[in-house]
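Mapped onto the working numbering, the consecutive letters of the sequence shown carry residue numbers 3 to 108.
One structure is given below, encoded as structure tokens.
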Amino acid sequence: MLGSADVRWVTFKRKDGVGIYASVYGGSPPMQMNASYYTTAELDRATRHEDLVKSDFIEVHLDHKHMGFGGDDSWSPCVHDQYLLPPSSCSILFLPQVSPNHCYNF
Numbered sequence: 003m004l005g006s007a008d009v010r011w012v013t014f015k016r017k018d019g020v021g022i023y024a025s026v027y028g029g030s031p032p033m034q035m036n037a038s039y040y041t042t043a044e045l046d047r048a049t050r051h052e053d054l055v056k057s058d059f060i061e062v063h064l065d066h067k068h069m070g071f072g073g074d075d076s077w078s079p080c081v082h083d084q085y086l087l088p089p090s091s092c093s094i095l096f097l098p099q100v101s102p103n104h105c106y107n108f
């Protein structure tokens with residue numbers, strides 16, 4: 003599992019060079035990125051690390067912002083108003099990456 007903050011761009015490619023490029027766009031701030039061979043559903047299902055089943059693909063999350071955990075105790079999820087993230091917009095550009103070794107007809 004890989005998680006990174008302050009990401010401005012990221013590229014995922016197969017061995018043959020085909021992939022996808024993602025970048026913040028315009029005036030958007032850096033994003034947060036997570037990539038994992040374990041799906042969100044698989045992480046929710048497993049109760050121990052040994053129970054995890056590795057996927058054949060990578061699940062990627064690109065997030066504009068993360069709101070932290072809230073509450074003053076361990077049993078209530080309430081977040082204080084000063085720590086809430088109001089709705090806002092961001093722009094992320096996605097571009098396919100093609101291999102110079104392949105011939106594509108677009």
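Quick reminder that beta carbons are idealized off the backbone N, C-alpha and C, glycines included.
Remember, it's a predicted structure, so these values are computed and weren't measured experimentally.
Q. What are the boundary residues of the alpha helix (DSSP H) that includes D65?
A. Segment E61 to D65 is the beta strand (DSSP E) holding D65; no alpha helix (DSSP H) there.
Q) With burial defined as no fewer than 16 other Cβ atoms inside 10 Å of the residue's Cβ, what is the status of M33: buried or exposed? A) buried
Q) Once you ignore the five residues that flank V55 on each side, which residues in its own chain have a CB closer than 7 Å to its CB? A) E44
Q | Selected residue, minimal CA-CA separation from G29, among F96, S91, V100 and P102 | A | S91
Q) Which first and last residues belong to the alpha helix (DSSP H) in which T49 is found? A) No alpha helix (DSSP H) contains T49, which DSSP labels as neither H nor E.
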